[in-house]
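Chemist: The structure is given below, and queries will be raised subsequently.
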């Protein structure tokens, strides 16, 4: 007779086989029917099953295998594929098989930021016509829900859809118009991942660990830690319900009490969006990201000079796909126009955005200082915004010869009562888009008081402007479009607006601000 331990040893292979055969597979929501994978790059696939289970995957004639870790998570890479499809992605473990159909291979872009990126097609200019014509079966869309948390999430609730008049309405307008331009130009499938969250601050898109490691955001983190330690949302909710009941009992007179929002799970708390929205998607093979944000950080524009590059670099480091392209929209013109030159937090935020191009490679900025609306922080013209972003991608990532970068300040020389300003990236030369006179320049002397100035193209040049004012005999600084909503009209002959700038480094209104 076999001893008890020996009998169990003989049964072990059967037990292992049984566990493997019963393994049930789940995958991240990025892996659903109609998905798009990035062409010419290894395809990362991940999900969950029983710990130790063997998992295989196949796509487009390529196979890969992995063993699930102790937490049940598996990850593998399939060989790169050229643009095309449709294919089937088949993932198998034991007796469980998951088949993902209608998989295309093309260009995948993240569409991120705050409300101007989240702004839906149905709210953009010509929304009815844009939706009616959105029959693009090779453009695929997926949106990540807004989840704010201090706990990193593994997955989200979402699925890919085929672009159609019905599915495009609620999708990011900038994202869709950007993807449509790429699709029409490149004639390859396009996958767009919209994870924008209206009103979000940049620090919410960065992990707590990365912010702590940077060593310059203690005030910001402490501000939120103190709020969290004294925050009682249940108490706030109860008080609201009591006020609402009193309002009802009183005959519903006046405005109804406003329901409280849980700031601790909102879109400003550091790391909240990183954990709840971004983290589940990190690692998915992409071409790059487009970004439209900054409004919520305008009161701390000086801080944004380092915060924004930190965010971009942290994404790149965690994605593990090198210095992938990252293009953003500079803040538009907004708020009331002013008669006299003044300081501006929005101008300082635009400056911080421009500085980021010099700090990080493979980045670009779409200048839209001509597309804003004074009374609406959400300009409806998302088509031109997207086209300017698409120019960057087409030129830098796809080798297409199109103008893409707005003219930028290069240098200034002060000669008597004149400022001689040289610009780069002027293309076919500087121009104006309405009247012939160049509008938007100001200069200042030693007293740092800026006045409106006359500006003219230097004879014989296409990239140099002479700026002067009878009020300033010895200028020391020159600025252009330095206001919330500047009156300005200079652009390249290709129609790309001159980037707002200042030659000085006088302390700004947001200098020293480190917390809300």
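Numbering (the UniProt record's numbering), first residue to last: 1 to 516. In this text, a Cβ means the ideal position worked out from N, Cα and C, and glycines have one as well.
With 16 as the cutoff for other CB atoms within 10 Å, does residue 116 come out buried or exposed?
Modeler: With 16 or more Cβ atoms within 10 Å of its Cβ, residue 116 is classed as buried.
Chemist: Taking a contact to mean a Cβ-Cβ separation below 9 Å, would you say residue 517 touches residue 193 in this structure?
Modeler: With the chain running from 1 to 516 in the structure shown, residue 517 is simply not present.
Chemist: Is DSSP giving residue 491 helix, strand or coil here?
Modeler: In this structure, residue 491 counts as strand in the three-state DSSP scheme.
Chemist: How many angstroms separate the CA atom of residue 318 from the CA atom of residue 77?
Modeler: Near 16 Å, if we compare the C-alpha coordinates of residue 77 and residue 318.
Chemist: Please confirm if the region 341–351 is in contact with the region 297–308, defined as three or more CB-CB distances below 8 Å between the two stretches.
Modeler: The answer is yes - the region 297–308 touches the region 341–351, with three or more Cβ pairs under 8 Å.
Chemist: Bridge partners for residue 443 per DSSP, in chain order?
Modeler: Beta-bridge pairing links residue 443 to 451, 478.
Chemist: Can you tell which of 125, 282, 244 has the C-alpha that lies nearest to the C-alpha of residue 152?
Modeler: Nearest of 125, 282, 244 to residue 152, Cα basis: 282.
Chemist: I'd like the span of the alpha helix (DSSP H) that includes residue 289, first residue to last.
Modeler: It is not in any alpha helix (DSSP H) - residue 289 instead sits in the beta strand (DSSP E) that spans 288–292.
Chemist: Just reading off the beta strand (DSSP E) that residue 48 is part of, what are its end residues?
Modeler: Taken as a continuous stretch (DSSP letters only), the beta strand (DSSP E) holding residue 48 covers 43–48.
Chemist: Helix, strand or coil: how does DSSP classify residue 319 here?
Modeler: Looking at residue 319 - three-state DSSP - the assignment turns out to be helix.
Chemist: If you draw a straight line from the C-alpha of residue 178 to the C-alpha of residue 390, how long is it?
Modeler: Cα to Cα, residue 178 sits roughly 6 Å from residue 390.
Chemist: So, under 8 Å CB-CB, residue 271 and residue 208 are touching, yes? Tell me the CB distance rounded to an integer number of Å.
Modeler: Right, the Cβ-Cβ distance comes to about 4 Å (below 8 Å), so this counts as a contact.
Chemist: Please list, in chain order, all residues of the same chain as residue 166 whose beta carbon is under 6 Å from its beta carbon, the five residues on each side excluded.
Modeler: The answer is none, since no qualifying residue turns up.
Chemist: Return the chain-ordered list of same chain residues with a C-beta closer than 6 Å to the C-beta of residue 26, the five sequence neighbours on each side being excluded.
Modeler: These residues qualify, in order along the chain: 47, 48.
Chemist: Specify the secondary structure class of residue 245 as computed by DSSP and reduced to three states.
Modeler: Of the three classes helix, strand and coil, the one that applies to residue 245 here is helix, per DSSP.
Chemist: Grab the span of the alpha helix (DSSP H) containing residue 104 for me, first residue to last.
Modeler: Unbroken run through residue 104 is the beta strand (DSSP E), 96–113; no alpha helix (DSSP H).
Chemist: Shortest alpha-carbon distance to residue 279 belongs to which of 205, 31, 245?
Modeler: Of the listed residues, the one whose Cα sits closest to residue 279 is 205.
Chemist: Residue 500: which of 483, 476, 492 sits nearest, CA to CA?
Modeler: Of the listed residues, the one whose Cα sits closest to residue 500 is 483.
Chemist: Beta-carbon within less than 7 Å of residue 132's beta-carbon, same chain only, minus the 5 sequence neighbours each way: which residues are those?
Modeler: The residues are 165.
Chemist: Can you check which of these residues, 481, 503, 508, 510, is closest to residue 497 by C-alpha distance?
Modeler: It is 481.
Chemist: On the DSSP bridge assignment, give the partners of residue 378 in chain order.
Modeler: DSSP lists no partner for residue 378.
Chemist: Any idea what DSSP makes of residue 413, helix, strand or coil?
Modeler: Strand at residue 413.
Chemist: Based on the DSSP secondary-structure assignment, which residues constitute the bridge partners of residue 192?
Modeler: Per DSSP, 109, 141.
Chemist: Please go through the same chain and pick out, in chain order, the residues whose beta-carbon is closer than 6 Å to the beta-carbon of residue 44, but skip the five residues on each side of it.
Modeler: Excluding residues within five positions, the ones whose Cβ falls inside 6 Å are 77, 283, 285.
Chemist: Residue 443 to residue 460, Cα distance in whole Å?
Modeler: Cα to Cα, residue 443 sits roughly 23 Å from residue 460.
Chemist: Pop quiz: residue 148 and residue 267 are said to be a contact at Cβ under 8 Å. What is the actual Cβ separation, rounded to whole angstroms?
Modeler: Contact flag correct, Cβ pair sits at about 6 Å.
Chemist: Hey, is the region 447–461 in contact with the region 366–386, meaning 3+ C-beta pairs nearer than 8 Å?
Modeler: These segments do not touch.
Chemist: Output needed for residue 510: all residues of its chain with C-beta closer than 7 Å, excluding positions within five of it in sequence on either side, in chain order.
Modeler: For residue 510, where only same-chain residues beyond five positions count, the Cβ hits under 7 Å are 299, 300, 301, 302, 345, 348.
Chemist: Exposed or buried, what is residue 336 when buried is set at 16 or more other beta-carbons lying within 10 Å of its beta-carbon?
Modeler: It counts as exposed.
Chemist: Just the Cα atoms here: how many angstroms apart are residue 103 and residue 62?
Modeler: The alpha-carbon atoms of residue 103 and residue 62 are separated by roughly 14 Å.
Chemist: Using the Cα positions of residue 474 and residue 467, report the straight-line distance between them to the nearest angstrom.
Modeler: Cα-Cα distance, rounded: 12 Å.
Chemist: Per the contact definition of three or more C-beta pairs closer than 8 Å, is the region 394–411 in contact with the region 422–441?
Modeler: Contact between the region 422–441 and the region 394–411 is present, because at least three Cβ pairs lie under 8 Å.
Chemist: Where does residue 461 sit, in a helix, a strand or coil, going by DSSP?
Modeler: Here residue 461 sits in coil by DSSP.
Chemist: Could you pull the start and end residues of the alpha helix (DSSP H) that residue 357 belongs to?
Modeler: Run containing residue 357: 345–359, per the alpha helix (DSSP H) assignment.
Chemist: Grouping DSSP H, G and I as helix and E and B as strand, with all else coil, what is residue 17?
Modeler: Low per-residue confidence applies at residue 17: pLDDT is 44, beneath 50, and the placement is therefore not dependable enough to give any value.
Chemist: Alpha carbon to alpha carbon, what distance is there between residue 370 and residue 37?
Modeler: C-alpha separation (whole angstroms): 36 Å.
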